[in-house]
Every structure is written in C-alpha cells, then in structure tokens.
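**Q** One structure follows; several queries about it will come next.
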Amino acid sequence: MKLFLFDIDGTLIHSFGAGQRAADSAFEKMFGIKKAMDGISTDGMTDPLILSQMFMKSFGRNYEESESATFYKEYVKFLDCELESSGNIKVLPGVIKILKLLKQRDDCLLGLGTGNIEDGAWVKLNYAGLKQYFSFGGFGSDSENREELIRMGIDKGKMLLNCDCKIEDIFVIGDTPLDIIHGKGAGATTIAIATGHFNKKALKEYNPDYLLKNLNEINNLNLLN
Ligand SMILES: [Mg+2]
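Quick note on this note's numbering: the sequence shown kicks off at 1 and runs consecutively.
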C-alpha cells in the first residue's frame, strides 16, 4: 500500500493571497489593526506559527488559546467570503489527473499534509473542486510544527490502511523547502514540486527524493508500478 500526503498552497492550488487577506480581515475585526500580515512569510509555514508572528509583531507577545479560537473562526468566515466573491482559485497543472488516478487505485491512499488549519483547508479545497478527493490529513490545527503534523497525517493514513507502510511507500508532496525538510524528518519520501515560489534549483538544495516542474511529471516517476 502507498500513502500520499499533499500540501495545498502552491502544490495543489494557488488562491492568490485569499488566505492572507482573510487573516488580515480577521485580525482587523478583532483588534482594529490593519495589514497585520505585512512582512510575514507564509511559504511552508503553519497557520498557528503565522498567527504567532502576527501577535508578536502587533503586541510583542504570543496569542492566548481563546484568541486563536476566535481568530480562526473569523478567518474561516472571511476566507469563505474571499473565495466566493473573487472566485479566484487555480488548480495547478497535473493535479486533477494524479488525484483521479490515485483515487481510483485500491493500493493508494490520498491525504493532506498542510499547515492550513483543517477548516481552512476544506474551504480552499471546496472552492477548488478538490474536496472530494480527500478525507483526512495532518493539518496546522493538529500541530504548529510541520514535521509533527505530517507525522500525525502519516499515522492517520496508516490506521486507515491498517498497515505499517515502509518509508519508500509514504510520499510527502510539497512546494517549499519546509515540505522537504519536515517530510524527511517525519520519515517519508519527499516529492518537491516547483509550482510555488521556489524554482527547481532552489528546491534541489534541500535534496528532495524527487524534484518535478509540476505534477504532470509525476507519472514519469513510475511510483505506481
Ligand atoms: Mg505550500
């Protein structure tokens, strides 16, 4: 059995800053502070670490649990509005083809390994028309630590498959150095895709097991033989 955990932003879709705008709107609604996301990098980050940075930047302290709960509730509402009103979400090349193929195979299981909180992940995938392909994953709401959330996604997958997959049968697919570093750390084979903000040369420095221009090329790897 093979387990595939996909990152979302830059790997499956581009949502053209909808997440950042939704986070800004939620923060502004709660605290009256505009553009709290300015200067904060989101590549390969988890939502809780991004929120930590917004708090540190604005207040010089981390958030309380109650504040993050309120923030995420507002964030998901704004994200939903953003994506509904703009309709601006792009499914990246090769994505539908590989998801369809993996979904059909009874020796493969599809999951997510994403820094998005789970509710936010489902909103993005719903608007992209990709929700139907996934049922579980490791999310930013499981852990602020990417390696830990990937490990949790792998454990959920193994439980669903009722088997202890070998490292060569567990694939973490993502578009940033952090997907590679933490995918390896969590004990997976890593597939880096240059459809986000990092080109192949930049990703190569982190030694992914496989490196692709886009997901159309995944079929060349013969992973499914
Ligand atoms: Mg990404």
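No residue lacks a Cβ here, since even glycine has one placed at the ideal position from N, Cα and C.
Let me know the alpha helix (DSSP H) ranges lying completely inside the segment 57–114, each 4 residues or longer, listed in chain order.
**A** Complete alpha helix (DSSP H) runs here, min 4: 65–86 and 95–104.
**Q** Taking contact to mean 3 or more Cβ pairs, one atom from each stretch, closer than 8 Å, check whether the segment 79–90 and the segment 105–117 are in contact.
**A** Result no; under three Cβ-Cβ pairs closer than 8 Å.
**Q** Considering L125, what are the terminal residues of the alpha helix (DSSP H) in which it resides?
**A** Segment E118 to A128, the alpha helix (DSSP H) holding L125.
**Q** Going residue by residue through the segment 155–203, where are the continuous alpha helix (DSSP H) segments of at least 4 residues, counting only ones entirely within it?
**A** Taking only runs of at least 4 residues, the alpha helix (DSSP H) segments lying wholly in the segment 155–203 are 177–185.
**Q** When the Cα atoms are used, what is the spatial distance from P272 to N126?
**A** In this structure the chain extends from 1 to 225, so residue 272 is not present and cannot be described.
**Q** Relative to ligand 1, is the shortest distance from any of its heavy atoms to the C-beta of Y8 smaller than 8 Å?
**A** According to the sequence shown, residue 8 is Ile rather than Tyr. Checking every heavy atom of ligand 1 against the Cβ of I8, one is found closer than 8 Å.
**Q** What is the DSSP secondary structure of K2, reduced to helix, strand or coil?
**A** Strand.
**Q** Helix, strand or coil, according to DSSP, for I8 in the structure here?
**A** Here I8 sits in coil by DSSP.
**Q** Let me know the secondary structure DSSP gives G137 once reduced to three states.
**A** Strand.
**Q** Please state the DSSP three-state secondary structure of L223.
**A** Coil at L223, not helix or strand.
**Q** Specify whether the segment 126–143 and the segment 42–59 touch according to this definition: at least 3 beta carbon pairs, one from each stretch, less than 8 Å apart.
**A** Contact between the segment 126–143 and the segment 42–59 is present, because at least three Cβ pairs lie under 8 Å.
**Q** For M152, count neighbouring Cβ atoms within 10 angstroms of its own Cβ and tell me buried if that reaches 16, exposed if not.
**A** Buried, because 16 or more other Cβ atoms sit within 10 Å of the Cβ of M152.
**Q** Terminal residues of the continuous beta strand (DSSP E) containing L212?
**A** L212 -> beta strand (DSSP E) spans Y210 to L212.
**Q** To the nearest angstrom, how far is the alpha carbon of D169 from that of F198?
**A** Distance between the alpha carbons of D169 and F198 is about 25 Å.
**Q** Going straight from the alpha carbon of F6 to that of Q53, what length do you get?
**A** Taking the straight line joining both Cα atoms gives about 25 Å.
**Q** Can you tell me whether T176 sits near ligand 1, meaning its C-beta is under 8 Å from at least one heavy atom of the ligand?
**A** Checking every heavy atom of ligand 1 against the Cβ of T176, one is found closer than 8 Å.
**Q** Measure the C-alpha to C-alpha separation of G39 and S58 and round it to an integer number of angstroms.
**A** If you take the alpha carbons of G39 and S58, they lie about 12 Å apart.
**Q** Taking 9 Å as the cut-off, decide whether the C-beta atoms of L109 and K2 are in contact.
**A** Contact: yes.
**Q** Mark G129 as exposed unless 16 or more other C-beta atoms lie within 10 angstroms of its C-beta, in which case mark it buried.
**A** That one is exposed.
**Q** Taking the alpha-carbon positions, what's the F136 to I193 distance?
**A** Roughly 21 Å between the two C-alpha positions.
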